[in-house]
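Asker: Sharing a structure with you now.
Residue numbers (my numbering): 51 to 205.
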């Protein structure tokens, strides 16, 4: 009778080990798959890097819908943008760098020549202001109204 209880215990442990290995393979495989997705270059990587290299700066806030729309234009290339977060984590106060630059609304772009524009900007406008070339096949004019309604004011 005792031999049977050891056999049941052994089978139970074997099942646990197999399920642990299956779980581990799924987790590791998922992590590898996710890292490969994030590593894919964006269509506008070179353009976004050129904006950065040109001295342009994109000031925004994590809670700003117009900043989110501006970032969305860049797709996977958003990580190459010269983005500066102006909101403190509380969402109510502004970082010192943005106070020093006198940023009054989001998004605000400041260029190397000192000029600045506020509101969502088309890729073509950013290209003109920085002399950065848009890649072939890129839709240069994304329909964006750059009136003051596209600027999120600071509270």
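The C-beta atom is built at its ideal place from N, Cα and C for all residues, glycine as well.
Are the beta-carbon atoms belonging to residue 166 and residue 158 less than 8 Å from one another?
Answerer: Yes, these two residues count as a Cβ contact at 8 Å.
Asker: Runs of 4 residues minimum, wholly inside the stretch 109-182: which ones carry the alpha helix (DSSP H) assignment?
Answerer: Counting whole runs of 4 or more residues, the stretch 109-182 contains the alpha helix (DSSP H) stretches 115-122, 146-150 and 173-180.
Asker: Mind checking which residues open and close the alpha helix (DSSP H) that includes residue 101?
Answerer: Here the alpha helix (DSSP H) through residue 101 covers 95-103.
Asker: Give the single residue among 82, 93, 59 and 81 whose Cα lies nearest to the Cα of residue 24.
Answerer: Nothing can be reported for residue 24, as the shown portion of the chain is limited to 51 through 205.
Asker: Is it buried or exposed, residue 170, if we count other Cβ atoms within 10 angstroms and call 16 or more buried?
Answerer: Buried.
Asker: Would residue 153 and residue 136 qualify as a contact pair, given that the criterion is a beta-carbon distance under 8 Å?
Answerer: A contact, by the Cβ cut-off of 8 Å.
Asker: So, at 6 Å on beta carbons, what are the nonlocal neighbours of residue 127 in its own chain, with the 5 sequence-adjacent residues on each side left out?
Answerer: Cβ within range, chain order: 92, 94, 95 and 98.
Asker: Check whether the Cβ atoms of residue 108 and residue 132 sit closer than 8 Å, and answer yes or no.
Answerer: The answer is yes: Cβ separation under 8 Å.
Asker: Tell me whether residue 90 sits in a helix, a strand or coil according to DSSP, three-state version.
Answerer: It is coil, neither helix nor strand.
Asker: On the criterion of 16 or more Cβ atoms from any shown chain inside 10 Å, does residue 122 qualify as buried, or is it exposed?
Answerer: Exposed.
Asker: Could you round the C-beta distance between residue 104 and residue 180 to whole angstroms and report it? I think they count as a contact, below 8 Å.
Answerer: About 4 Å separates the two Cβ atoms, so the contact holds.
Asker: What separation, rounded to the nearest whole angstrom, lies between the Cα atoms of residue 68 and residue 77?
Answerer: Distance between the alpha carbons of residue 68 and residue 77 is about 14 Å.
Asker: Whole angstroms are fine: how far does the CA of residue 176 sit from the CA of residue 164?
Answerer: If you take the alpha carbons of residue 164 and residue 176, they lie about 14 Å apart.
Asker: Looking at C-alpha atoms only, which residue of 100, 141, 58 and 57 is the closest neighbour of residue 124?
Answerer: If we check each option's Cα against that of residue 124, 100 comes out closest.
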